[in-house]
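A.B. asks: One structure is given below, represented as C-alpha cells, and several questions about it will come after.
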C-alpha cells in the first residue's frame, strides 16, 4: 500500500466523503460502498482506476512496488545554491519576487530594443505574437462578456491588463521566458521597468495612482497591483478548499458544457430526434483555412527531387527565416527596401553587418535570425537583403 | 555456422514437408470434389487482352529482379519514400512568426490502429524544440520532506510502468467554435496523438520523499527556453501522473520532451510538461503563464474556467475524410466507416453513428483494444449508394457517464469564445460525387444584452 503523510491522506479522504470522489487511488482507503462501481469519481469529473487485485483497469501492477520495502532514493539531496538557481517561480503572495525598481520610461526603451520586434509598437501585437495591450484595461475588461454569435460582433479582449488575474505571472514570465529568443537575460530592475511599461500601456493604476512614465515600480508597489479580472476565474483554486472547489465544480456538467447519460442504462440515451429542430447545416465560409504546409496530398509517389547542383536560393531562405521581422514595419528590425535604414548599417562595412547577423544583437536579432543556415549561405541572404535595399 | 550444411538441412525438411503437404492436398481434393464444378465456374478467368492486362502484373519491375538495399543501409529505418506525403503539417494561423511557439499536427487520416508513430506525433512547443544532452539534464524535486536531484540514469532505475494514452491539445477543434473552417481531418482533429509510454509514477518517487502537511499543488516546469510550467492538484499526482522517458518502445523524441516529460493521462496536453526539470510542491497554486493567459475557457458570463483538466469524451469519423474520400466508390460497394473515440475522463463504452447529422443514431461497433484514456477504434459496415448525400456524425460515450453534446448543447452553456475543450459532435457531409465536406449542424444563437445565450426564435 502507498503511504504518504497521514494528514494529507485524511484530508483527501474527507474530501472524498463529501463529494463521493477520490482520485488519490490507494488500496485500503477506498470507500467500500463503491466496490461495485468500475471506478471512482475524480477531481476532474472523470473516473480513475484504483489498484484492485494487482490490476489498475486492464493493466497488471507489480505489487512489490507499492510496499514500504521498496522505498527508493536514487539521487542525492540538492544543495542550497542548486535549489536557488532553479527556484525562480513567483507566486501571487510575493513569494519569490525579488527586490528592485524601474520606471515605465526605462521600460519603454528596453521594450523598443528587445520586445517591440515581436509584440509590436505599444504592445499592439503582430506576426503571430500576442498583444500586450489593446487600450485601457478597466474599460476593455467589460468586453469579456462579448460573444461573436453573429457576424461583425466584437469579441472579448484577452490581454494582460483585461484578462490575467495575477500580476506575479507577468513578472515571472518576463524574467524566465523573455525575450523569446534570449530568455533569462534581463536583470530584476529591467523586469520591473518592463512591468511598469506594460501597466502603463494598459493604462492601469496602483493604489489609485496612474502608472505614468515617471512612476517608479518596486517590490512594495508591485504587491499592491490589483488586476481588473482578479475575480474572473472559476473554480476558486486558492486557499485550503481550493481542490475541493475544483472537485465540486467538475462534478456539475452544466459548469463546463458537458452532457451525461445513464451509464447504468445506456439504452436510455437519445437515439432519435437528438438535434434541435432549428439546427441547420453550417458550411465553411469564405473558402475556409487551407494554408497548410506541406499542402495536403494523399498521393503515393516519389518526392520531387531538387535538380542536382541547384544554387542556394537566398530569396527563399529570406522569406523562410528573416521576413517575419525584416519584412514589415514596426518590428524594430530594418525593413528590406528601406534604403536609409540599411545605409546606416552598411556604412559601417559589410563585415560588421555580417558579424551582427551571425552573432545576433542586443536589439533582439537572434544569431542568424534563429535559422540553421551555414555562415556562407547566411551571408548570401544578407547580401540579398542589402541589394534589395539599395 | 556452416551455411551449406544448414541449407541442406533446410532442403531435407522442406522436401518432407512437401510430401506430407501433398497427401493433405489429395484429401482436400477428394473431400471437395463435389463442390469443384461450381468452384471452377466461380473462378473462371477472363480471356486475355493485351491492352487490359495490368502492366503491374505483366511487366517485371526493377525491384523484382535486382538486389534491394543491403541491411547496412538505414540502420535506423525510415518509411518508404513513397509515403513522403504522410507528415505532420502546420499552418501560419497557429504559429508565432518564426514557428518557435507553434504546433504541427498529426495526419490522423493516414493512421491505423491506436498507436501514432513517433515521427508523426503532434508537436507543440512554446520556445522551439529543445535538443537536450541527457548527460547534462537533471530532475529536481523540492517542497517535500526530503528533496532530491536525479540524473537521467538514476531516474530510470525506479520501477517502470508502461501505459497507452493519448495526448490531446485542448485547442483541438478550437478554431471551429463559430463554424467549420478546415476541410481537413488533419487540421480539424489532429491536435492529438496516442502512444505507449514508459516511465515511473510520480507517486513511486514520492513514496520516499514524503509530502509535507497541507500540500495541495505540484508545479511542473520544463528546462527548455520557454520554462513552460503548470500547476497540478496533488490528487492527480498521487493517481496516475508519470514521468516518462520512452514512447512506443524507444526514447522520447525531442519533439516530445527528450529526455523526459510529465505524462498526465487524459488531461490537457500542455500539462504534460516537456523537457521536465523541476517538480515543486506547495499549499497554494502557482498561476503559471500558460494557466491563465491561455488554456482557460471564457464563458458568456465573462467568467473563465481555469484549471480545466480533462479532455472530455470525443470522437471523429476517420474514414471517409476530406483527405481520403469516397469519390472512387461504385454504387453498391460495401465499405467500412471507421473512426476514433477517446475520453480523458475514462474509458470509451460505445459509439453511435448518424447518417443525418446527429438527428438519428445507430450503434457502431468498437474494435480492438479498449483502454482507459486511450484512443479507441470503432467501425460500421455500410453499403454505398452512388449519388446519396449523407451527413456522417459520430457520438462517443464513456464509463464516467459523459456523452458528446450537440453543438447547440455545448455552445448554449459555454458560448463561442471558449477556444479550448470543444467536444461537440462533428459532421462530414458526403457529397453526391463521394467527396467529403466538413460541416457543422447548429442553430443560430441569440442573446438579450449580456444575458445567457438562447436559440434564435426560441426565447
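Residue numbers (this note's numbering), protein chains in the order written: chain A, 1 to 390; chain B, 1001 to 1459. Glycine is no exception: its CB is placed at the ideal position from the N, C-alpha and C atoms.
Identify every run of the alpha helix (DSSP H) within the region 203-278 of chain A, keeping only runs that are complete inside it and at least 4 residues long; order them along the chain.
C.D. replies: List check, alpha helix (DSSP H) in window: 219-222, 242-249.
A.B. asks: Are the C-beta atoms of residue 205(A) and some chain B residue less than 7 Å apart?
C.D. replies: No, no contact with chain B.
A.B. asks: Any Cβ of chain B within less than 7 Å of the Cβ of residue 25(A)?
C.D. replies: With a pLDDT of only 34 at residue 25(A), under the threshold of 50, the placement of this residue in the model should not be trusted; the figure read from the coordinates follows. So yes, residue 25(A) belongs to the interface.
A.B. asks: Check for me: the beta strand (DSSP E) holding residue 1221(B) runs from which residue to which?
C.D. replies: Taken as a continuous stretch (DSSP letters only), the beta strand (DSSP E) holding residue 1221(B) covers 1217-1222.
A.B. asks: In the DSSP assignment, find the alpha helix (DSSP H) that holds residue 168(A) and state where it starts and stops.
C.D. replies: Unbroken alpha helix (DSSP H) run through residue 168(A): 168-177.
A.B. asks: Give the straight-line distance between the Cα atoms of residue 87(A) and residue 1151(B), rounded to the nearest whole angstrom.
C.D. replies: So the alpha carbons of these two residues sit roughly 18 Å apart.
A.B. asks: Any idea if residue 187(A) is buried or exposed, counting beta-carbon neighbours within 10 angstroms, 16 or more meaning buried?
C.D. replies: It counts as exposed.
A.B. asks: Pick helix, strand or coil for residue 141(A), following the three-state DSSP scheme.
C.D. replies: Note: residue 141(A) maps to helix in three-state DSSP.
A.B. asks: Which residues in the same chain as residue 191(A) place their Cβ atom closer than 8 Å to its Cβ, once the five residues preceding and following it in sequence are excluded?
C.D. replies: Correct list, in chain order: 100, 102, 171, 174, 175.
A.B. asks: I'd like to know whether the C-beta atoms of residue 1325(B) and residue 1407(B) end up nearer to each other than 7 Å.
C.D. replies: Cβ atoms of residue 1325(B) and residue 1407(B): not closer than 7 Å.
A.B. asks: Excluding the 5 residues preceding and the 5 following residue 108(A) in the sequence, name in chain order all residues of the same chain whose CB lies nearer than 7 Å to its CB.
C.D. replies: The answer, listed in chain order, is 197.
A.B. asks: Is the beta carbon of residue 1262(B) less than 7 Å from the beta carbon of residue 1272(B)?
C.D. replies: The answer is yes: Cβ separation under 7 Å.
A.B. asks: Counting only beta-carbon separations shorter than 7 Å, does residue 80(A) have a partner in chain B?
C.D. replies: No, its Cβ sits nowhere closer than 7 Å to a Cβ of chain B.
A.B. asks: Taking the alpha carbon of residue 1210(B) as the reference point, which residue from 1281(B), 1161(B), 1256(B) has its own alpha carbon closest?
C.D. replies: If we check each option's Cα against that of residue 1210(B), 1281(B) comes out closest.
A.B. asks: Could you pull out every residue in the same chain whose Cβ sits closer than 8 Å to the Cβ of residue 1186(B), ignoring the five residues on either side in sequence?
C.D. replies: 1089, 1105, 1106, 1107, 1108, 1109, 1323.
A.B. asks: So residue 1218(B) and residue 78(A) are in contact, right, with Cβ under 8 Å, and what is the actual spacing, rounded?
C.D. replies: In fact, because the Cβ distance is near 17 Å, the residues do not count as touching under 8 Å.
A.B. asks: Do residue 178(A) and residue 333(A) come within 7 Å of each other at the CB atom, strictly closer than that value?
C.D. replies: Not a contact, by the Cβ cut-off of 7 Å.
A.B. asks: Residues in its own chain within less than 6 Å of residue 1265(B) by CB, not counting five upstream and five downstream?
C.D. replies: Result list for residue 1265(B): 1165, 1240, 1373, in chain order.
A.B. asks: Just checking: is the beta-carbon of residue 1380(B) within a distance shorter than 7 Å of some beta-carbon in chain A?
C.D. replies: Taking Cβ atoms only, chain A never reaches closer than 7 Å to residue 1380(B), which makes this a no.
A.B. asks: Got a sec, what are the start and stop residues for the beta strand (DSSP E) residue 1430(B) sits in?
C.D. replies: It spans 1427-1430 - the beta strand (DSSP E) in which residue 1430(B) sits, taken as one unbroken run.
A.B. asks: Between residue 1137(B) and chain A, is any beta-carbon pair separated by less than 7 Å?
C.D. replies: No - not a single Cβ of chain A is within 7 Å of the one on residue 1137(B).
A.B. asks: In chain B, which residues lie with their C-beta within 7 Å of the C-beta of residue 197(A)?
C.D. replies: Within 7 Å Cβ-Cβ: nothing; residue 197(A) doesn't reach chain B, min ~18 Å.
A.B. asks: Around the Cβ of residue 31(A), are there at least 16 other Cβ atoms within 10 angstroms (buried) or fewer (exposed)?
C.D. replies: For residue 31(A), the predicted model reports a pLDDT of 35, less than 50, meaning its position is unreliable and no value from the coordinates is stated.
A.B. asks: Flag residue 398(A) as yes if its beta-carbon sits less than 7 Å from any beta-carbon of chain B, otherwise no.
C.D. replies: There is no way to answer for residue 398(A), as the model of chain A reaches only from 1 to 390.
A.B. asks: What distance in whole Å lies between the Cβ atoms of residue 254(A) and residue 1413(B), which are believed to be in contact at a cut-off of 8 Å?
C.D. replies: Confirmed, about 6 Å.
A.B. asks: Using a Cβ cut-off of 8 Å, which residues of the region 260-284 of chain A contact any Cβ in chain B, in chain order?
C.D. replies: Against chain B - using a Cβ distance shorter than 8 Å - the residues of the region 260-284 of chain A are 260, 261, 262, 263, 266, 269, 270, 271, 272, 273, 274, 275, 276, 278, 279, 280, 281, 282, 283, 284.
A.B. asks: What does DSSP give as the partner residues of residue 1338(B) in its beta bridges?
C.D. replies: Bridge partners of residue 1338(B): 1319(B), 1379(B).
A.B. asks: State the DSSP-derived secondary structure class of residue 1100(B), mapped to helix, strand or coil.
C.D. replies: Three-state DSSP puts residue 1100(B) in coil, outside helix and strand.
A.B. asks: Could you have a look at residue 337(A) and say whether DSSP puts it in helix, strand or coil?
C.D. replies: Reduced to three states, the DSSP call for residue 337(A) is coil.
A.B. asks: Does residue 1142(B) come within less than 7 Å of chain A when only Cβ atoms are used?
C.D. replies: Chain A, which has a Cβ nearer than 7 Å to the Cβ of residue 1142(B), makes this yes.
A.B. asks: With burial defined as no fewer than 16 other Cβ atoms inside 10 Å of the residue's Cβ, what is the status of residue 1101(B): buried or exposed?
C.D. replies: Buried, because 16 or more other Cβ atoms sit within 10 Å of the Cβ of residue 1101(B).
A.B. asks: Based on the DSSP secondary-structure assignment, which residues constitute the bridge partners of residue 1352(B)?
C.D. replies: BP columns for residue 1352(B) point to 1363(B), 1395(B).
A.B. asks: Looking at the structure shown, is residue 1025(B) part of a helix, part of a strand, or coil, going by DSSP?
C.D. replies: With a pLDDT of 49 at residue 1025(B), under the threshold of 50, the modelled position of that residue is not reliable, and the figure given next carries that caveat. Residue state, collapsed to three classes: helix.
A.B. asks: I need the straight-line Cα distance from residue 344(A) to residue 363(A), nearest angstrom please.
C.D. replies: Near 15 Å, if we compare the C-alpha coordinates of residue 363(A) and residue 344(A).
A.B. asks: Starting from residue 1168(B), trace the beta strand (DSSP E) both ways and give me its first and last residue.
C.D. replies: Element bounds for residue 1168(B): 1161-1168.
A.B. asks: Considering only C-alpha positions, which residue in the set 389(A), 283(A), 162(A) is nearest to residue 346(A)?
C.D. replies: The shortest Cα separation from residue 346(A) among 389(A), 283(A), 162(A) belongs to 389(A).
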